[in-house]
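Throughout, the working numbering is defined as the position within the sequence shown, counted from one, plus 15.
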Amino acid sequence: MKFRPQGRDRAVQKRTFWEEGDFGYAVPRMESMNVLCAPETEEDSYLECSDHLRICKARNIFFNLKNFTAKRSARYRNDIIHEGEVGGRCGSLNKDLLAARLDEKSYLQSWGFEFEHFESYDDFQMNSEHCDHIFEKPTIIIKLDAAVNMYHHFCDFVNLYLSQFINGSFSQDVEIFWWDTYSRGFVDGFFGDVWKAFSFHKPYEMINYEKKTICFRNALLPLLARQRLGIYYNMPLIDGCYGSGLFHAFSKHLIHRLNIPQNGPLLNKLR
Numbered sequence: 016m017k018f019r020p021q022g023r024d025r026a027v028q029k030r031t032f033w034e035e036g037d038f039g040y041a042v043p044r045m046e047s048m049n050v051l052c053a054p055e056t057e058e059d060s061y062l063e064c065s066d067h068l069r070i071c072k073a074r075n076i077f078f079n080l081k082n083f084t085a086k087r088s089a090r091y092r093n094d095i096i097h098e099g100e101v102g103g104r105c106g107s108l109n110k111d112l113l114a115a116r117l118d119e120k121s122y123l124q125s126w127g128f129e130f131e132h133f134e135s136y137d138d139f140q141m142n143s144e145h146c147d148h149i150f151e152k153p154t155i156i157i158k159l160d161a162a163v164n165m166y167h168h169f170c171d172f173v174n175l176y177l178s179q180f181i182n183g184s185f186s187q188d189v190e191i192f193w194w195d196t197y198s199r200g201f202v203d204g205f206f207g208d209v210w211k212a213f214s215f216h217k218p219y220e221m222i223n224y225e226k227k228t229i230c231f232r233n234a235l236l237p238l239l240a241r242q243r244l245g246i247y248y249n250m251p252l253i254d255g256c257y258g259s260g261l262f263h264a265f266s267k268h269l270i271h272r273l274n275i276p277q278n279g280p281l282l283n284k285l286r
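Now the structure itself:
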């Protein structure tokens, strides 16, 4: 982090910058993580989310997409999951805390619309009787911003990187599930190779699972692209500071994972 004096207290200014545009942004999310669905056995479900349901971790949960029809479906839909279509089997379910964290429901701000109807079902099991498809590997379920614009799409990637930091795992042996409701799928022709920095495997698309119940053994639902006062998009920055360690680390991470050679800067070449 670098600092240009602007007449404010130096320490306060640096601290604010770290909290708003650096790894410090993760601290409130990590400190606010609370268990909503607590298991009693290893076969039970688990759901843990931060304030406002901005980031969640889950085990042994299901989404029933019986009311989702891909044909003519629009992008950024919030009406996919209804009552009885999401849940698991909890030893205990904190419905009051879940309801209290539904205060920022929006497609690219939180997971509120996807989890507001979360329920515990005593008969639920992770098997073919209850699931049409079970994702056995750890899976990142992600809602996506526009892929045609680098600014918007890299909101997805930098928030995913920070979410992996919060989760404490950067393994590439994970599945990616694109929770994208558009009838033609999520076309990522310009920046699709960036996903290789996060997973060895080709992403799954939601439109291929219409009318099915999908179950996840281990899922991360990351920070999304357009959080209120979030990272990259809607990000307030205090005057006088620049050089975020988070964005520096993210840049180095992509260069390393994608094996991008660095031969430069080159004279008379745009950077």
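Even for Gly, the Cβ is constructed at its ideal location relative to N, Cα and C.
Apart from the five residues just before and just after S47, which ones in its own chain have a Cβ nearer than 8 Å to its Cβ?
In the sequence shown, the residue the question calls residue 47 occupies position 32. For S47, where only same-chain residues beyond five positions count, the Cβ hits under 8 Å are S65, D66.
What does DSSP give as the partner residue(s) for T154 in the beta ladder?
Within the sequence shown, numbered from 1, the residue matching residue 154 stands at position 139. Paired residue(s): E190, A234.
Leaving out five residues on either side along the sequence, give the residues of the same chain with a beta carbon under 8 Å from the beta carbon of Q277.
What you label residue 277 is simply residue 262 of the sequence shown in a count that begins at 1. I270.
Would you mind listing the alpha helix (DSSP H) stretches within the stretch 36 to 108 that are 4+ residues and don't spill past its ends, in chain order?
41 to 46
Just checking, does the stretch 50 to 59 make contact with the stretch 217 to 228 on the three C-beta pairs under 8 Å criterion?
no
Just to confirm before moving on: does the CB-CB distance between D203 and L273 stay below 8 Å?
Working through the sequence shown from its first residue, we reach residue 203 at position 188. Working through the sequence shown from its first residue, we reach residue 273 at position 258. No; because the gap between Cβ atoms is not below 8 Å, this pair is not in contact.
Do K3 and K226 have their C-beta atoms closer together than 8 Å?
The structure shown does not extend to residue 3, since the chain is modelled only from 16 to 286, so the question has no answer here.
For D171, which residues of its own chain have a beta-carbon under 6 Å away from its beta-carbon, when the five flanking residues on both sides are left out?
For the purposes of this step, residue 171 is identified with residue 156 of the sequence shown, where counting begins at 1. Counting only Cβ-Cβ distances below 6 Å, and skipping sequence neighbours, we find L159, D160, A240.
Pick from D138, V189, S135, K217: whose alpha carbon is nearest that of A151?
By 1-based counting over the sequence shown, the position of residue 151 is 136. First, the residue type needs correcting, since residue 151 is Glu and not Ala in the sequence shown. E151 has its Cα closest to that of V189, out of D138, V189, S135, K217.
What separation, rounded to the nearest whole angstrom, lies between the Cα atoms of Q242 and R92?
Here residue 242 refers to the residue found at position 227 when the sequence shown is read from its first residue. Here residue 92 refers to the residue found at position 77 when the sequence shown is read from its first residue. Their Cα atoms are separated by approximately 17 Å.
Could you name the residues of the same chain whose beta carbon sits closer than 6 Å to that of W194, not counting the 5 residues immediately before and after it, in chain order?
For the purposes of this step, residue 194 is taken as residue 179 along the sequence shown, with counting starting at 1. Answer for W194: I156, K158, M221, listed in chain order.
Who does S135 pair with in a DSSP beta bridge?
The count along the sequence shown starts at 1 and reaches residue 135 at position 120. For S135, the beta-bridge partners assigned by DSSP are G103.
Determine the extent of the alpha helix (DSSP H) in which E119 is found, giving its start and end residues.
Indexing the sequence shown from 1 puts residue 119 at position 104. No alpha helix (DSSP H) contains E119, which DSSP labels as neither H nor E.
Check each candidate in L244, K217, L261, E131 and name the one with the smallest Cα separation from A115.
On the sequence shown, residue 115 is found 100 positions in, with the first residue counted as 1. For the residues L244, K217, L261, E131, the minimum Cα distance to A115 belongs to E131.
With H, G and I counted as helix, E and B as strand and the rest as coil, what does DSSP make of C170?
Translated into the one-based positions of the sequence shown, residue 170 becomes position 155. Three-state result, C170: helix.
Going by CA-CA distance only, name the one from K86, F205, M141, H97 that's closest to E129.
On the sequence shown, residue 129 is found 114 positions in, with the first residue counted as 1. The option with the nearest alpha carbon to E129 is H97.
In whole angstroms, give me the CA-to-CA distance for M250 and Y257.
Taking the first residue of the sequence shown as 1, we reach residue 250 at position 235. Taking the first residue of the sequence shown as 1, we reach residue 257 at position 242. Computed Cα separation, rounded: 13 Å.
Could you round the C-beta distance between G102 and Y136 to whole angstroms and report it? I think they count as a contact, below 8 Å.
On the sequence shown, position 87 is the one that residue 102 refers to. On the sequence shown, position 121 is the one that residue 136 refers to. Their Cβ separation, rounded to whole angstroms, is 6 Å, which keeps G102 and Y136 in contact under 8 Å.
State the beta-bridge partners of W148 as determined by DSSP.
The residue you call residue 148 lines up with position 133 of the sequence shown. Note that residue 148 is His in the sequence shown, not Trp. I229.
From G245 to F139, what does the alpha carbon distance come to, in whole angstroms?
For the purposes of this step, residue 245 is identified with residue 230 of the sequence shown, where counting begins at 1. For the purposes of this step, residue 139 is identified with residue 124 of the sequence shown, where counting begins at 1. Between G245 and F139, the alpha-carbon positions lie close to 36 Å from each other.
Within its chain, find whatever has a CB closer than 6 Å to the CB of W126; leave out the 5 residues flanking it on each side and keep chain order.
For the purposes of this step, residue 126 is identified with residue 111 of the sequence shown, where counting begins at 1. Only L68, C71, L236 meet the Cβ criterion.
Near P153, which residues of its chain fall below 6 Å by C-beta distance, leaving aside the five closest residues on each side in sequence?
Along the sequence shown, read from residue 1 onward, the residue named residue 153 stands at position 138. The answer, listed in chain order, is V189, N233.
Within a Cβ cutoff of 6 Å, which residues of the same chain sit near F32, ignoring the five residues on either side of it in sequence?
Counting from 1 along the sequence shown, the entry for residue 32 is found at position 17. Closer than 6 Å at Cβ, skipping near neighbours: I253, C256.
For N3 and L112, which I take to be in contact (beta-carbon distance under 8 Å), what is that distance rounded to the nearest angstrom?
Given a span of 16 to 286 for the chain in the structure shown, any question on residue 3 remains unanswerable.
Can you tell me whether DSSP reads R19 as helix, strand or coil?
Working through the sequence shown from its first residue, we reach residue 19 at position 4. Legend: pLDDT at R19 = 48, less than 50; position of this residue unreliable, value from coordinates given subsequently. Of the three classes helix, strand and coil, the one that applies to R19 here is coil, per DSSP.
For the alpha helix (DSSP H) that contains G255, what are its first and last residues?
Locating residue 255 in the sequence shown gives position 240, where the first residue counts as 1. Per DSSP, G255 is not a residue of any alpha helix (DSSP H), being assigned neither H nor E.
Does the separation of the CB atoms of L177 and A41 fall below 8 Å?
Here residue 177 corresponds to residue number 162 of the sequence shown, with the count starting at 1. Here residue 41 corresponds to residue number 26 of the sequence shown, with the count starting at 1. In contact: L177 and A41 (Cβ atoms closer than 8 Å).
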